[in-house]
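Here's the structure we're looking at; comments come further down.
Residue numbers (our numbering): 825 to 1103.
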């Protein structure tokens, strides 16, 4: 499966975050060696969604539960794929910009309604917490990394692998640290720039983190983007540091320093986004 030029923000929850049936399922899942490596997962997910979309759409399909897994000395952590929600999102996307007659033929209104309800349920954190709606443990961004994701990490939390066929760049941190960093960033942004788009974006990320168990692990994975960047470029990538520098400048009222860090960061990732037009 060719690389998907996308990055991923994931939350791995400990087994205690799930009910007893789910705990038993995920234990068997790991014992049977079914866990999927992050390098293989995006392709597997894409194939599952495409196959589901071609199933005739008599209903939203029930797909098998798959997950990424982290095993530590203390516990097992799981990042479920939530493929049913991915399929619902794909169904709604398939109707966007398409004449109503064609949209209804491919995804009938009744099924579009089911898909919309599924998506709206998980987007509402309150519904997740009050009614047990499955949490979405992975966010995906194509052709770049959203700047708000870098707020959650620090430089020392990076893991860069340069082995051929296994190249990767990931950041991992405890969710408690990610929450504190997003909270500090929000305080600075609200005071400095008010209700700007960047403030709303960081606030959205902070709300998402609140849905998960307090002993979870958060991961930023550059995914297929590593195929677009050299080892040297990845080794020198200091995006989290630039975000921290920009926020520090804002907190001290040094607008020029904050602007310089922001401009450098935007230019770097804009260059990656422009590669989409060369594809």
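Backbone N, C-alpha and C define an ideal beta-carbon position, used for all residues, glycine too. Here the structure is a predicted model, which is why all the values come from computation and not from measurement.
query, result
"How many whole angstroms separate the CB atoms of residue 972 and residue 1029, which I take to be in contact at a CB cut-off of 8 Å?", "5 Å"
"Does residue 1023 pass the burial test, meaning 16 or more other C-beta atoms within 10 Å, or should it be called exposed?", "buried"
"What number of angstroms, rounded off, separates the C-alpha of residue 1079 from the C-alpha of residue 1070?", "9 Å"
"Could you tell me the distance, in whole angstroms, from the CA atom of residue 873 to the CA atom of residue 917?", "12 Å"
"How big is the Cα-Cα spacing for residue 1083 and residue 1010?", "17 Å"
"From the DSSP output, read off the bridge partner residues of residue 794.", "Nothing about residue 794 can be read from this structure; the chain reaches only from 825 to 1103."
"For residue 984 versus residue 1059, is the C-beta spacing smaller than 8 Å?", "yes"
"So, using beta-carbon positions, are residue 1006 and residue 975 closer together than 8 Å?", "yes"
"Please report the Cβ distance between residue 896 and residue 839, rounded to the nearest whole angstrom; I am assuming they are in contact, meaning their Cβ atoms lie under 8 Å.", "The pair is not a contact, with the Cβ atoms about 12 Å apart (cut-off 8 Å)."
"Do you know how far the Cα of residue 846 is from the Cα of residue 906?", "13 Å"
"Could you have a look at residue 895 and say whether DSSP puts it in helix, strand or coil?", "strand"
"Just the C-alpha distance for residue 853 and residue 887, rounded to the nearest angstrom, thanks.", "15 Å"
"What ranges does the alpha helix (DSSP H) occupy inside the region 965 to 1000, keeping only unbroken runs of at least 4 residues that lie completely in it?", "971 to 974"
"I need the boundaries of the alpha helix (DSSP H) containing residue 1025, first residue and last residue.", "1021 to 1033"
"Judging by CA-CA distance, which residue of 1044, 979, 1063 is the nearest neighbour of residue 963?", "1044"
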